[in-house]
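Protein chains in written order, with this note's numbering: chain A, 37 to 146; chain B, 3 to 118.
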Amino acid sequence: GIQVEQSPPDLILQEGANSTLRCNFSDSVNNLQWFHQNPWGQLINLFYIPSGTKQNGRLSATTVATERYSLLYISSSQTTDSGVYFCAVDSGGSNYKLTFGKGTLLTVNP
Amino acid sequence: KAGVTQTPRYLIKTRGQQVTLSCSPISGHRSVSWYQQTPGQGLQFLFEYFSETQRNKGNFPGRFSGRQFSNSRSEMNVSTLELGDSALYLCASSFGSAGGSGNTIYFGEGSWLTVV
């Protein structure tokens, strides 16, 4: 099945700093989503982005499908951005599921 | 509109018991899928249902089962609980096929299961 690798596994920032999280995948995808897992466990949708670029406030994401990677940018980070960020993909066909990376644990210090 | 609702949120069970978890999808969503999250294995796919039909199942033993009702609500059941079943169980819904092109998947808050 499709493989998803996220980097870095851990990231520590000071409030106000910018960061880039990366997601590499091993096959073509028809669905790619970025999630933020809050301290209570819920996965919050950030972007649906199988290709192209999107922006939402301080967050933006770019997926280069031909090169099989996606980037999540966080600008002017805040302590509330802390948590685990997951990239999840589906390669289509009859999978009907998302395959998740292991996540990036982001800690933003005040 | 209301998001994906999972009940119960927290539960403690004893080895050998069984447990049933419930999930109500976003109104109008027909696909419901379940995931298990543990520190060691990360997020793993359990199964996906669409219009009461299970279309895919992950690599889990037969003790894990599920179903979907005509109103799209879903339940999953784990029988003969083992310590290793302790995990966060997440339910997700989407309008069309889970994981399909154009279909954003939305997750509930999860059910924290502890097996003692």
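We put the beta carbon where it would ideally sit given N, CA and C, even for glycine.
- For A:E103, the three-state secondary structure derived from DSSP is helix.
- If you ignore the 5 residues before and after B:L83, its C-beta comes within less than 7 Å of the C-beta of K15, R17, G18, Q19, Q20, V21 and V117, all in its own chain and listed in chain order.
- Here A:L95 carries a strand assignment [DSSP, helix/strand/coil].
- Nearest to B:P27 by alpha-carbon distance, out of B:S67, B:E54, B:F62 and B:A89, is B:E54.
- Cβ contact annotation for B:R11 (same chain, cutoff 8 Å, sequence separation greater than five): E111, G112, S113 and W114, in chain order.
- A Cβ-Cβ distance of about 17 Å is found for the pair B:F71 and B:A94, leaving them out of contact under the 8 Å criterion.
- Straight-line measurement puts the Cα of A:T99 at about 6 Å from the Cα of A:L107.
- In this structure B:L48 touches B:M78 by the C-beta definition: roughly 7 Å separates them, less than 8 Å.
- For the alpha helix (DSSP H) assignment, the segment 53-90 of chain A encloses no uninterrupted run of at least 4 residues.
- Judged by beta-carbon spacing, A:V120 lies within the 8 Å limit of A:Q73, meaning their Cβ atoms are closer than that value.
- The segment 50-69 of chain B makes no contact with the segment 52-65 of chain A: fewer than 3 CB pairs, one atom from each, lie closer than 8 Å.
- A straight-line Cα-Cα distance of about 29 Å links B:S29 and A:G139.
- The Cβ of B:I107 sits closer than 8 Å to at least one Cβ of chain A.
- Close partners of B:S35 in chain A (Cβ separation under 9 Å): Y132, K133 and L134.
- Secondary-structure assignment with DSSP links A:Y109 through a beta bridge to A:T56 and A:S96.
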